[in-house]
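One structure below.
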Amino acid sequence: MVRREGLARLAWAFAPLLAVACEAERSVARRPPGAPARRAPQVEATVLTIRESSHPPTRAVLHRILVHGSRVRSTEELDRWRLFDLEAQTVTWVDQIAGTHRTLALDDLVRARRRQLRAPIPSDLPPISVRKTEETMEIAGYPAEQWVMELGGYRRVVWTSLEPIVAPHFLRMWVASSPISEPWAGVMRESEEALFEIEGFPLWDRSELAWEGGGMVSERRLILVEKRRVPRSFFEIPEDYEDTTPPAIRSGGGRRRAS
11 MVRREGLARL AWAFAPLLAV ACEAERSVAR RPPGAPARRA PQVEATVLTI RESSHPPTRA
71 VLHRILVHGS RVRSTEELDR WRLFDLEAQT VTWVDQIAGT HRTLALDDLV RARRRQLRAP
131 IPSDLPPISV RKTEETMEIA GYPAEQWVME LGGYRRVVWT SLEPIVAPHF LRMWVASSPI
191 SEPWAGVMRE SEEALFEIEG FPLWDRSELA WEGGGMVSER RLILVEKRRV PRSFFEIPED
251 YEDTTPPAIR SGGGRRRAS
């Protein structure tokens with residue numbers, strides 16, 4: 011039987027995709043008293059609003075995934091964030107504190123992740139089981155199919171879209187570029203491989219962890235898809251940021267502008 015301690019630790023490793031720290035669309039810029047507000051250049055984007063909730067502790071927050079052309083960014087990431095290029099199939103990490111950026115290709119990210127997934131599995135945690143069911147439902151106006159992942163008292167249910175809300179390979183890019191808990195990488199092997207193959211966007215992602223005398227639940231659910239004007243700079247990297255991409259795979263530096 012899987013020990014409670016192992017499951018509790020595993021809960022952190024299996025935090026649902028697209029977890030959010032806070033709503034990042036608020037303005038952090040300050041201007042002198044009485045100075046007129048300057049409107050930054052705007053572009054039209056597809057905005058996916060996602061509600062995240064958990065218990066315990068009880069909390070609920072919103073974040074947004076913004077898509078403009080081939081570029082995608084999430085408001086959950088603030089000082090250090092990822093810029094996804096769906097056409098080039100690259101992920102760029104931008105560090106606003108250090109003033110740097112680096113870019114890696116999706117194929118390289120997947121190969122690196124699979125090396126991590128070959129890690130030995132802890133003796134008290136067998137591999138997680140993954141299965142696709144025949145269940146379907148409509149979420150936020152989109153048809154979805156169900157995936158179930160289970161391990162002892164841990165159960166995760168992911169409903170993915172059957173329609174192309176974002177590019178089919180976006181989930182693969184997100185998973186491959188997200189941090190992974192090294193001690194539990196081997197346990198996550200089957201679930202990560204399944205997520206690599208899913209071409210839909212996760213509309214509802216719910217995780218439950220139960221143990222004797224307690225438990226915890228966390229979930230994220232898409233609640234709205236709309237067109238909105240957003241700052242163009244949201245998809246740009248300042249020209250003076252240093253490109254720290256490894257020279258062997260660097261394809262170019264400078265500023266990435268939204269078209």
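With the numbering used here applied, the sequence shown has no gaps in its numbers, which climb one by one up to 269 at the end. Glycine included, each C-beta is placed from N, C-alpha and C at the ideal position. Quantities reported herein were computed from a predicted structural model and do not represent experimental measurements.
Cβ-Cβ distance between residue i and residue j below 7 Å
i, j, result
"Pro-212", "Val-168", "yes"
"Val-104", "His-111", "yes"
"Pro-137", "Glu-200", "yes"
"Tyr-164", "Leu-116", "no"
"Asp-95", "Ser-80", "yes"
"Ala-55", "Leu-88", "no"
"Phe-206", "His-78", "no"
Cβ-based neighbour list, residue i, same chain, cut-off 6 Å, excluding 5 preceding and 5 following
i, result
"Arg-128", "none"
"Met-159", "Ile-138, Val-140, Arg-166 and Ser-201"
Same chain only: Cβ atoms within 7 Å of residue i, ignoring 5 sequence neighbours per side
i, result
"Met-147", "Ala-154 and Trp-169"
"Leu-119", "Val-101, Ala-186 and Ser-187"
"Ile-131", "Pro-137, Gly-196 and Val-197"
"Ser-243", "Ala-50"
Helix, strand or coil at residue i according to DSSP, with G and I counted as helix
i, result
"Ser-80", "coil"
"Pro-241", "strand"
"Ala-258", "helix"
"Arg-40", "The pLDDT assigned to Arg-40 is 41, lower than 50, so where the model puts this residue is not dependable; a value taken from the coordinates is nonetheless given after this. Arg-40 falls in the coil class under three-state DSSP."
Residues near residue i in its chain [Cβ-Cβ closer than 8 Å; skip 5 each side]
i, result
"Glu-145", "Glu-155 and Gln-156"
"Gly-109", "Pro-248, Asp-250, Tyr-251 and Glu-252"
For residue i, the residue or residues it bridges with in DSSP
i, result
"Thr-146", "Glu-155"
"Glu-246", "Answer is none; Glu-246 lacks a bridge partner."
"Leu-93", "Thr-102"
"Leu-234", "Thr-59"
"Glu-252", "Thr-110"
(request) Run through the segment 48-78 for me and flag every whole beta strand (DSSP E) of 3 or more residues, listed as ranges in chain order. (result) 52-65 and 69-78
(request) Mind listing, in chain order, the continuous alpha helix (DSSP H) runs of no fewer than 4 residues lying wholly within the segment 155-232? (result) 180-187 and 199-207
(request) Could you pull out every unbroken beta strand (DSSP E) segment of at least 3 residues lying fully inside the segment 95-138, listed in chain order? (result) 100-105 and 110-115
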